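Quick note, the sequences are listed as chains D and S, same order.
So for the first sequence, our numbering puts the first residue at 1; every next one is plus one.
So for the second sequence, our numbering puts the first residue at 1001; every next one is plus one.
One structure below.
Number of protein chains: 2
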Amino acid sequence: MPYYIGDVIKEETRLIARTPEKFRETGVDVRIDSRVEEVDEKAGAVRLADGTRLPYDILVLGTGTTPLLPGIPGETLEGVFTLKRFTDAVRIKAWLREVPCRKVIIVGAGFIGMEMCEAIRNLGIETQLFHRGTLPVNRWDPEFSQVVLEELRRHGVDFVTDTETRAVEAGKDHRLRLVTNHVGAEADMILMAVGIRPDVTLAKQMGLPLGETGAIQVNFSQRTLREGIYAVGDCCESFHRVSGRWVNIPLGDIANKQGRVAGRNIGGGDMIFPGIVGAQSFKVFDLEVAATGLDEREAVQSGFHPVSTLVWGNAIAGSMPGNTKLGLKLIADRATGKLLGAQAVGKAGAVSRINTLSCALWAGLTLDDVGWLDLAYAPPFSGSWDLIHVAAQTLRRQI
Amino acid sequence: MPYYIGDVIKEETRLIARTPEKFRETGVDVRIDSRVEEVDEKAGAVRLADGTRLPYDILVLGTGTTPLLPGIPGETLEGVFTLKRFTDAVRIKAWLREVPCRKVIIVGAGFIGMEMCEAIRNLGIETQLFHRGTLPVNRWDPEFSQVVLEELRRHGVDFVTDTETRAVEAGKDHRLRLVTNHVGAEADMILMAVGIRPDVTLAKQMGLPLGETGAIQVNFSQRTLREGIYAVGDCCESFHRVSGRWVNIPLGDIANKQGRVAGRNIGGGDMIFPGIVGAQSFKVFDLEVAATGLDEREAVQSGFHPVSTLVWGNAIAGSMPGNTKLGLKLIADRATGKLLGAQAVGKAGAVSRINTLSCALWAGLTLDDVGWLDLAYAPPFSGSWDLIHVAAQTLRRQI
């Protein structure tokens, strides 16, 4: 019976924390707050921080990611947080309530930065976001990032661009002060959301081969190159079906799937994780933001010759009440007409389109297919030509 | 330059009615209220009801459908309506307002019946629906039809089952009385929504080959078997990519696509309509109802060995506010594992899932693919295992 290290099943962390005894009933020995310091492969055992040694026949590495810090003085001061684990969320909520916080600074404009802007603004707390670039979520086309920026501003988030953080120090009006290359600012809490990297500390100690991404190499069965050792989730690579490359995209649904594959195979089954297409989404205030597949840069890196189009249209039939604007960008390969990627932004319908297009990417469809897909049309749900059709046929004509 | 007969572009009927002169500017002679009585193929001309003869080089038949009537005495009395054309809607609205109607009877529980229940109840008018069977929309699994029935009742629609209509006659408390095999009822308006059939009157006169469905046979270019004569929309057949058969599914988005294909080919292009997978949806009050592909009966008729599963789960992550129940049924082929069809019902997320699965059907994916599709997971939009994954993996285990 393998020990589960880390947070393979992220969403259930909370459940697990509450009920390790529940797992024990089923014969699984779940230990929380038990960091594995070392893996002794010869002996087939792990050593915990408290010195306990636990033997294993099969080892699963689900060590997840480590949040990055900018590497500046004062970044570990009380009141400076990163957000990765359930316990981080608990600590942040306690801090917001107990200090109490009148103002929060968020550093970084990725998924975590966006979701925390919404969470903190919704508590009525003044929120300032410092970002290295000029637009948030640079995975998306600048035209869409601009829409996200407007949504942030519409909800009162102060978005500060072109920032290099220099230090965190004690503040005057608030507990902390963030020093940057230009304007500094004070706040009662600072959230560092500048990125994450796969936590491969143990894997490195063991000399497990890592991929070019810095994450653990696995095969389609989630086996590492070492007999009896599996890796799943954010700490390992996944096969990207569009680029044909092994990538590291740390997302909860991928981790869940890989966990199931490893578990099934360890139990004697023969299950394959068939890879990903890079589907991802987040909500920020009233906006759905989603993407799938490759962007132009990734497409070029993968040997394609990308062409793209970005169209705006209706989320549902233009004549229907409740209609909102939807933006859709498609990226395709000029040589083959194959769909390579898609991005969408809107108050409604963005994730829905990206899911349909993720299936198209999964199946390797071309624009000739995507432009004629048979979708479940009714005016409350789309126009008779869905924006997917419009975008695909527009891009097809460019090739 | 071809003449457009009927309503190829249904949604634009209203626009066309208002602005035939707009089309004339572009050199297209659009004539409304101009029924073609006869096609003289030898002379290459059509004869209108008023005797006018119009020559043609190429003829496009877009004659649409004819609404069926039950064939009972009194069915053409004033106050009895069918709903097909824009002008029907105008007449119905005028009748509702001017009579004025306190009560409406709808006969038939298909798409038109469902949508009109909502429209009429939302006007605050008492609504009674008489249906031949025991459950509405029998395209769907009885478990889902039951959910639709509950939604109708929740909004005050009186749903009367197992009805055979016998006659319409003058009423006492209301203008009309519907006589049936059991309980009769009075109302100020009766909507007959008992089905439609392709309008092939002209095609039959011309001796154009019809398919087994009774609709006009066409090829992938929308050409009929007669040189220079095209057919598009509800009056013709479409190739069903899942069953591999030619079918007649009268829906606006299909008609739109076929119209584009015919137009392009007439203009000297070389465009193919690659077929359909049977995606369809409607909204009734707060419910999304959608389906795609084949149901079990159609699957058997097409030579498959269907297995199915019906699962209930969350439209979005169970932990999120605003989560609602979503039902999803999948049908697959036991021999090959190929997905054959899907149905969904819920307050949100049903159409979105059906669109993704329509793409899967389009590409001919198996349950092994569908169970692992990479979708854009975030808690406001789905669980980390979407209901699509749950249903596909559940059904896969049954094979």
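Note that beta-carbon positions come from the ideal geometry of N, C-alpha and C, so glycine has one too.
Treat the numbers as computed from the prediction; the structure is a model and nothing was measured.
- Looking only at GLY1293(S), VAL1194(S) and ASP1253(S), the smallest Cα-Cα distance to SER382(D) is reached by ASP1253(S).
- Taking a 10 Å sphere around the C-beta of LYS283(D), we find 16 or more other C-beta atoms and assign the residue as buried.
- Taking 3 residues as the minimum length, the beta strand (DSSP E) runs contained wholly in the region 1291-1361 of chain S are 1306-1314, 1325-1333 and 1339-1346, in order along the chain.
- Residues of the same chain with a CB within less than 8 angstroms of the CB of HIS1174(S), apart from the 5 flanking positions on each side, are ARG1102, LYS1103, GLU1186, ALA1187 and ASP1188 in chain order.
- Annotation note: the region 252-286 of chain D contains the following uninterrupted alpha helix (DSSP H) runs of length 4 or greater, listed N- to C-terminal: 252-266.
- In the pairwise beta carbon analysis, the region 324-341 of chain D is classified as touching the region 351-368 of chain D: at least three pairs are separated by under 8 angstroms.
- For the options VAL107(D), LEU287(D) and HIS155(D), the alpha carbon positioned closest to that of ARG121(D) is the one of HIS155(D).
- Looking at the backbone, the Cα of PHE1144(S) and that of GLN1398(S) are separated by about 21 angstroms.
- Taking one beta carbon from each stretch, the region 269-284 of chain D and the region 232-240 of chain D have 3 or more pairs nearer than 8 angstroms; the two touch.
- DSSP places THR366(D) within a strand segment (E or B) once states are collapsed to three.
- The alpha carbon of ILE1190(S) has as its nearest neighbour, out of ASP1386(S), GLY1108(S) and LEU1048(S), the alpha carbon of GLY1108(S).
- Within the region 337-371 of chain D, those residues whose Cβ lies closer than 7 angstroms to any Cβ of chain S are, in chain order, VAL351, SER352, ILE354, ASN355, THR356, SER358, CYS359, ALA360, TRP362, ALA363, LEU365 and ASP369.
- Pairing LEU1375(S) with LEU1330(S) gives a Cβ-Cβ distance that is not under 8 angstroms.
- Listed along chain D, the residues sitting closer than 7 angstroms to PHE1282(S) by beta-carbon distance are ALA378.
- Here LYS1103(S) carries a strand assignment [DSSP, helix/strand/coil].
- Using a Cβ-Cβ cut-off of 8 angstroms, ASN1256(S) counts as an interface residue toward chain D, since at least one Cβ of chain D sits closer than that to its own.
- With fewer than 16 other Cβ atoms from the protein chains shown falling within 10 Å of its own Cβ, ALA1043(S) counts as exposed.
- A check of alpha carbon separations from GLU1078(S) across MET1114(S), PRO1070(S), PRO1379(S) and TRP1095(S) identifies TRP1095(S) as the nearest.
- Taking a beta-carbon distance threshold of 8 angstroms, ILE266(D) does not count as an interface residue toward chain S.
- Scanning chain S for C-beta atoms nearer than 7 angstroms to the C-beta of SER384(D) yields GLU1011, GLY1252, ASP1253 and ASN1256, reported in chain order.
- Setting aside the 5 residues that flank it on each side, VAL390(D) is surrounded in the same chain by VAL311 and GLY313, each with a C-beta closer than 7 angstroms to its C-beta; the list follows chain order.
- Within the model, the alpha-carbon separation for HIS182(D) versus THR163(D) is close to 7 angstroms.
- Within the DSSP secondary-structure output, ASP40(D) pairs in a beta bridge with ALA45(D).
- Scanning its chain for C-beta atoms nearer than 7 angstroms, with the 5 sequence neighbours on each side dropped, one finds around GLY184(D) the residues ARG177 and LEU178, in chain order.
- Counting along the chain, PRO1142(S) sits inside the alpha helix (DSSP H) bounded by residues 1142-1154.
- Here ILE354(D) really is in contact with ALA291(D); their C-beta atoms are around 7 angstroms apart, less than 8 angstroms.
- Listed along chain D, no residue sits closer than 7 angstroms to THR1213(S) by beta-carbon distance, the nearest being about 17 angstroms off.
- Chain-order list of chain D residues neighbouring THR1292(S): ALA376, by C-beta distance under 7 angstroms.
- A residue is called buried once 16 or more other Cβ atoms fall within 10 Å of its Cβ, and GLN1205(S), having fewer, is exposed.
- Counting C-beta pairs closer than 8 angstroms gives fewer than three between the region 134-152 of chain D and the region 60-67 of chain D, which falls short of the contact rule.
- Beta-carbon to beta-carbon, LEU326(D) and ALA317(D) are separated by about 12 angstroms, too far to satisfy the 8 angstroms threshold.
- Less than 8 angstroms divides the Cβ of LEU68(D) from the Cβ of GLY195(D).
- PHE239(D) is outside the set of residues whose beta carbon lies under 8 angstroms from a beta carbon in chain S.
- Here ILE1058(S) carries a coil assignment [DSSP, helix/strand/coil].
- DSSP, reduced to helix, strand and coil, places THR1134(S) outside both helices and strands of the structure shown, so it counts as coil.
- For ASP1088(S), the enclosing alpha helix (DSSP H) covers residues 1086-1098.
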